[in-house]
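*Asks:*
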Ligand code: HEM
Ligand code: HEM
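In this note's numbering, the protein residues as written are 1 to 497.
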């Protein structure tokens, strides 16, 4: 209020907006919203900020990229390719890299942000997996997140196919082969997507529309709903003094969380920009333009799709012929297993609720060691993903380690079954061991390293009781429901079993 009793300019502007948008009520309700504090909550923010970087850099790239497969003869600054015939898409990518101001930096920033984005999503997902935040009422939000991951994988694939270089063309050949292996409709699907015989003239333009419009649009909408649902459900928190299933302990959104989040955005942006400035990624000029009769050696997809490639590479080349039609099982089985692997993690919350019968609400997070089976399953899933990733680079592994490619392929074939099983058993045992250590700590306190000699000559180590906060944290896990004995007539040992 001004000295004359008239509201000041700021207050009048705020009033104007409040009268039309209800900003005051909304602000009062949500700006003081409490956010718990834990480093792992930053993983979701890394996904969010790298997505923002992708959109900003992507829009810049659209200003110069020509999504066309029309053939042109290159006459640009990169002299080794002068006079070479190539698609307009490839030529414009060379222009972005060599002639557009800041173009190479922005291209590299876009590509690095894409890699970090998917890595962020996978780590964020696994942190929610291991701590059980996907349980009721957050199963739907888990599914939204999972959908974001699924779309992100394809968004990346479509993106790196755009420059139409020899590497991305080899990837497209892979996609074409995968589609052809689908029984009955495979040829139709391939023709439909590529607009005719491979490689056709349309695929870059089609992927372009999907890449810059449809998928980012759907993803942006999903992210908004995902984050709104976090606000609606309230954030989960780790157990600790004063934290219960009914409250949230932390700092208010405004100003504490907003200041931290704002700073973190610039940190993520800065690190990505540094990576883009110092580390070359996807130097398409050195691969050359795509030609259907050529293939580059050591061709790899971006890391997040390496596991799908691994599935195909380690599969024996099985084929069967039925009623005059060839079924290419060597490709078809892997392309069925690839989504199933992801689907398992997507529907996991529902499987867990079904098998454990835990259908009530959870707002306190689990320590992974207190859920040995879930932790074991998560670790096994990650080990499978990594083994298949190694399979996707079997040629690189073989040449770098001077091994035969057959040895690497067989090692991956065996490891994809044996390793997850071993990882599950070992992780479960480690969790149980850690539980015992917690129990020891709670009951007998912390070892101080001080050895005391008792009057009768015995040596003992002095233990120090834990403080109350730590005691609370270590004992705050959910107890399994008591097992109730069924009212059965007594059985003698001979009768039982
Ligand atoms: C989730 C989001 C996205 C991911 C994962 C992603 C990923 C990629 C990748 C890996 C490339 C290849 C870059 C290279 O040449 O090395 C690419 C290219 C491209 N992206 Fe994206 N992108 C995303 C969002 C967007 C958005 C929102 C736009 C535009 C509005 C966009 C526009 C482009 C363009 C024009 C290219 C071709 C230019 C070039 O390759 O130099 N992208 N994208
Ligand atoms: C574009 C991708 C994504 C963005 C921008 C994003 C963003 C966020 C943010 C900012 C939060 C709150 C802070 C936190 O707990 O980390 C969150 C929570 C959550 N996210 Fe994501 N996320 C993405 C992908 C995923 C994926 C792939 C999954 C799992 C499949 C997932 C599952 C969840 C769950 C279950 C929560 C709620 C956690 C709670 O209330 O404690 N999100 N997400």
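Positions of the beta carbon are idealized from the N, C-alpha and C atoms, including for glycine.
For ligand 2, any of its heavy atoms closer than 7 Å to the Cβ of residue 149?
*Replies:* Here the question's residue 149 lines up with position 149 in the chain shown. Indeed, a heavy atom of ligand 2 lies less than 7 Å from the Cβ.
*Asks:* Going by Cα to Cα distance, which pick from 25, 88, 151 and 102 is closest to residue 339?
*Replies:* Taking the first residue of the chain shown as position 1, residue 339 is located at position 339. It is 151 whose Cα lies nearest to the Cα of residue 339.
*Asks:* Could you round the C-beta distance between residue 176 and residue 194 to whole angstroms and report it? I think they count as a contact, below 8 Å.
*Replies:* Here residue 176 refers to the residue found at position 176 of the chain shown. Here residue 194 refers to the residue found at position 194 of the chain shown. That pair is a contact at about 6 Å.
*Asks:* Under the assumption that residue 289 contacts residue 165 (Cβ atoms under 8 Å), give the Cβ distance between them as a whole number of angstroms.
*Replies:* Working through the chain shown from its first residue, we reach residue 289 at position 289. Working through the chain shown from its first residue, we reach residue 165 at position 165. The Cβ separation is near 6 Å, so the contact holds.
*Asks:* When you measure from the CB of residue 43 to every non-hydrogen atom of ligand 2, does any distance come out below 7 Å?
*Replies:* Reading the chain shown from its first residue, position 43 is the one you call residue 43. It does: the Cβ of residue 43 is within 7 Å (strictly closer) of some heavy atom of ligand 2.
*Asks:* Tell me whether residue 499, by its Cβ, gets closer than 7 Å to a heavy atom of ligand 2.
*Replies:* One cannot answer for residue 499 here, as it falls past the ends of the chain, which runs 1 to 497.
*Asks:* If contact is defined by three or more beta carbon pairs under 8 Å, each pair taking one atom from either stretch, is the stretch 102 to 115 in contact with the stretch 58 to 78?
*Replies:* Verdict: yes, contact present.
*Asks:* Since residue 434 and residue 466 should fall inside the 8 Å C-beta cutoff, what is the C-beta to C-beta distance between them, to a whole number of angstroms?
*Replies:* Locating residue 434 in the chain shown gives position 434, counting from the first residue. Locating residue 466 in the chain shown gives position 466, counting from the first residue. Not quite, the Cβ-Cβ distance comes to about 16 Å (not below 8 Å), so this is no contact.
*Asks:* Just to confirm the assignment: which complete alpha helix (DSSP H) runs, minimum length 4, are found wholly within the stretch 229 to 300?
*Replies:* Whole alpha helix (DSSP H) segments, 4+ residues: 258 to 278 and 284 to 287.
*Asks:* Looking at residue 186: is its Cβ nearer than 8 Å to the Cβ of residue 473?
*Replies:* Walking along the chain shown from the start, residue 186 turns up at place 186. Walking along the chain shown from the start, residue 473 turns up at place 473. In this structure, residue 473 does not lie closer than 8 Å to residue 186 by Cβ.
*Asks:* Confirm, please, whether the CB-CB distance from residue 398 to residue 404 is below 8 Å.
*Replies:* Mapped onto the chain shown, residue 404 falls at position 404. Mapped onto the chain shown, residue 398 falls at position 398. Yes, the pair counts as a contact, with Cβ atoms nearer than the cut-off.
*Asks:* Buried or exposed for residue 415, going by 16 or more other Cβ atoms inside 10 Å?
*Replies:* Translated into positions along the chain shown, residue 415 becomes position 415. Classification of residue 415: buried, given that the 10 Å Cβ count is 16 or more.
*Asks:* Label residue 237 either buried or exposed according to how many other C-beta atoms from any shown protein chain fall within 10 Å of its C-beta, with 16 as the threshold for buried.
*Replies:* As a first step, residue 237 must be located in the chain shown, where it is residue number 237. It is buried - the Cβ of residue 237 has at least 16 other Cβ atoms within 10 Å.
*Asks:* Only counting the same chain, and skipping five residues up and downstream in sequence, which positions put a Cβ closer than 7 Å to that of residue 393?
*Replies:* For this step, residue 393 is matched to residue 393 along the chain shown. Contacts found: 300 and 306.
*Asks:* Tell me where the alpha helix (DSSP H) around residue 322 begins and ends.
*Replies:* Against the chain shown, residue 322 aligns to sequence position 322. From DSSP, residue 322 is part of no alpha helix (DSSP H) but of the beta strand (DSSP E) over 320 to 322.
*Asks:* Quick check: residue 413 and residue 335, are their CB atoms within less than 8 Å of each other?
*Replies:* The residue you call residue 413 lines up with position 413 of the chain shown. The residue you call residue 335 lines up with position 335 of the chain shown. Cβ atoms of residue 413 and residue 335: not closer than 8 Å.
*Asks:* Assuming residue 319 contacts residue 329 under a Cβ cut-off of 8 Å, what Cβ separation, rounded to an integer in Å, is found between them?
*Replies:* By one-based count along the chain shown, residue 319 stands at place 319. By one-based count along the chain shown, residue 329 stands at place 329. About 7 Å; that satisfies the 8 Å criterion.
*Asks:* Just mark residue 277 as buried or exposed, buried being the case when its beta carbon has 16 or more other beta carbons within 10 Å.
*Replies:* Translated into the one-based positions of the chain shown, residue 277 becomes position 277. That one is exposed.
*Asks:* Within the present structure, is the beta-carbon of residue 112 separated from the nearest heavy atom of ligand 2 by less than 7 Å?
*Replies:* The sequence position of residue 112 within the chain shown is 112, counting from 1. No, the Cβ of residue 112 stays beyond 7 Å of every heavy atom of ligand 2.
*Asks:* My guess is that residue 156 and residue 125 are in contact by the Cβ rule of under 8 Å, so how many angstroms apart are they, rounded?
*Replies:* For the purposes of this step, residue 156 is taken as residue 156 along the chain shown, with counting starting at 1. For the purposes of this step, residue 125 is taken as residue 125 along the chain shown, with counting starting at 1. That belief does not hold up - the Cβ atoms of residue 156 and residue 125 are roughly 16 Å apart, past 8 Å.
*Asks:* On a Cα-Cα basis, can you pick out the residue from 184, 219, 122 and 139 that is closest to residue 342?
*Replies:* By one-based count along the chain shown, residue 342 stands at place 342. With distances taken between Cα atoms, residue 342 lies closest to 122.
*Asks:* Given a cut-off of 8 Å on the beta-carbon distance, is the pair residue 67 and residue 91 in contact?
*Replies:* On the chain shown, residue 67 is found 67 positions in, with the first residue counted as 1. On the chain shown, residue 91 is found 91 positions in, with the first residue counted as 1. Contact: no.
*Asks:* Going by the beta-carbon positions, is the gap between residue 374 and residue 233 smaller than 8 Å?
*Replies:* In the chain shown, the residue the question calls residue 374 occupies position 374. In the chain shown, the residue the question calls residue 233 occupies position 233. Cβ distance not < 8 Å, so residue 374 and residue 233 don't count as in contact.
*Asks:* Cα separation between residue 62 and residue 209?
*Replies:* To locate residue 62, count along the chain shown from 1; it is residue 62. To locate residue 209, count along the chain shown from 1; it is residue 209. Straight-line Cα distance between these residues: approximately 11 Å.
*Asks:* How is residue 447 classed by DSSP in three states: helix, strand or coil?
*Replies:* By 1-based counting over the chain shown, the position of residue 447 is 447. Residue 447 falls in the strand class under three-state DSSP.
*Asks:* Residue 64: which of 246, 364 and 162 sits nearest, CA to CA?
*Replies:* Position 64 of the chain shown holds residue 64. Residue 162 is the option with its Cα nearest to residue 64.
*Asks:* In whole angstroms, what separates the C-alpha of residue 19 from that of residue 128?
*Replies:* As a first step, residue 19 is located in the chain shown; it is residue number 19 there, counting from the start. As a first step, residue 128 is located in the chain shown; it is residue number 128 there, counting from the start. Each residue's alpha carbon lies about 40 Å from the other.
*Asks:* Sorry if obvious, but does the Cβ on residue 141 come closer than 7 Å to a heavy atom of ligand 2?
*Replies:* Here residue 141 is taken as the residue at index 141 of the chain shown, counted from 1. True, at least one ligand heavy atom lies under 7 Å from that Cβ.
*Asks:* Can you tell which of 52, 454 and 23 has the C-alpha that lies nearest to the C-alpha of residue 217?
*Replies:* Stepping through the chain shown from its first residue, residue 217 is reached at position 217. When only C-alpha atoms are compared, the closest one is 52.
*Asks:* What is the rounded straight-line gap between the Cα of residue 6 and the Cα of residue 12?
*Replies:* Your numbering for residue 6 matches position 6 in the chain shown. Your numbering for residue 12 matches position 12 in the chain shown. Going from the Cα of residue 6 to the Cα of residue 12 covers about 9 Å.
*Asks:* How big is the Cα-Cα spacing for residue 132 and residue 54?
*Replies:* Working through the chain shown from its first residue, we reach residue 132 at position 132. Working through the chain shown from its first residue, we reach residue 54 at position 54. Between residue 132 and residue 54, the C-alpha separation is close to 29 Å.
*Asks:* DSSP state of residue 207, grouped into three classes?
*Replies:* What you label residue 207 is simply residue 207 of the chain shown in a count that begins at 1. In this structure, residue 207 counts as helix in the three-state DSSP scheme.
*Asks:* For residue 412, which of helix, strand or coil comes out of DSSP?
*Replies:* One-based indexing of the chain shown puts residue 412 at position 412. Residue 412: helix per DSSP, three-state reduction.
*Asks:* Applying the 10 Å Cβ sphere with the 16-neighbour rule, what's the burial state of residue 332?
*Replies:* Counting from one through the chain shown, the residue named residue 332 turns up at place 332. Flag for residue 332 reads buried.
*Asks:* Under three-state DSSP, which class holds residue 505?
*Replies:* Within the shown structure, residues of the chain are numbered from 1 to 497, placing residue 505 beyond reach of any answer.
*Asks:* Considering only their Cβ atoms, is the gap separating residue 34 from residue 248 smaller than 8 Å?
*Replies:* Position 248 of the chain shown holds residue 248. Position 34 of the chain shown holds residue 34. Going by C-beta atoms, residue 248 is nearer than 8 Å to residue 34.
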